[in-house]
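The structure under discussion appears below in the form of structure tokens.
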Ligand SMILES: CC(C)(COP(=O)(O)OP(=O)(O)OC[C@H]1O[C@@H](n2cnc3c(N)ncnc32)[C@H](O)[C@@H]1OP(=O)(O)O)[C@@H](O)C(=O)NCCC(=O)NCCS
């Protein structure tokens, strides 16, 4: 399923077998040395801190049912610690992992990433997993917008893609509110918790993001 290049990495959105102050982010997005993070209106994306890892591992990875819906690979028991999928080893031009924080409190809210960054075709995939307490509060849309700023403005990409289960209405709505177009359905393409499920593909082009 997933490219071996990403084996052992955590992916906040489903991976597909076939693919291993900016308007689109809103004027509140700022990237600067002093900020030390990319900022949206409600959320910030910053580098992973060691103290984030046990929280992300316990609340995201060990929630087997939710994790199985968010990742195309099978779930395996992995102890927290050096082998945790939330460990970030260093800069990787094909993968950018962030921790999400709530700007109002500074509290950790989840993880976000651009994965499968393809520097020839200038494409990448977005992934998000919010901690349970941070879901359902419209943070997801804000995080998608900040990822778009990172992908298009910082990395110079041309197309971003999200893939998710067809019944993940919150993810689909967060992506479409951030400007993504629903491009298609992969019928019964995902084995999830005992059943085959449909996945949807959503895409956003740099020109569309610039125009929004
Ligand atoms: C998916 C996720 C990132 C969405 O972020 P979120 O902050 O929880 O979502 P929001 O609160 O912004 O909701 C987005 C929209 O979807 C709507 N929504 C949520 N659940 C819904 C449902 N079951 N049916 C229809 N709409 C729904 C919300 O009402 C909201 O729309 P609104 O702002 O117009 O009211 C987050 O819920 C999450 O991390 N879930 C677990 C991991 C996951 O599924 N990740 C994505 C894997 S591809």
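In our numbering, the protein residues as written are 2 to 213.
Glycine residues also receive a C-beta, built at the ideal position from the N, C-alpha and C atoms.
Treat the numbers as computed from the prediction; the structure is a model and nothing was measured.
By the C-beta criterion, the region 46-58 is judged not to be in contact with the region 173-184, since fewer than 3 inter-stretch pairs fall below 8 angstroms. Assigned with DSSP and collapsed to three states, residue 118 falls in strand. Contact between the region 182-189 and the region 136-149 is not established, with fewer than three Cβ pairs separated by less than 8 angstroms. Here the alpha carbons of residue 137 and residue 77 stand approximately 27 angstroms from one another.
Residue 102 places its beta carbon less than 8 angstroms from that of residue 44. Annotation for residue 68: 61, 62, 76 place their beta carbon closer than 7 angstroms to its own, counting only its chain and skipping 5 residues before and after. Looking at the DSSP output, residue 196 bridges to 193.
If you compare the alpha carbons of 96, 112, 72 with that of residue 46, the shortest gap goes to 112. When DSSP reads this structure, residue 126 sits in a beta bridge with 116, 162.
By the 16-neighbour rule on beta-carbons within 10 angstroms, residue 89 is buried. Relative to ligand 1, the beta carbon of residue 170 is positioned inside 7 angstroms of a heavy atom. In its own chain, leaving out the 5 sequence neighbours on each side, no residue places its CB closer than 7 angstroms to the CB of residue 134.
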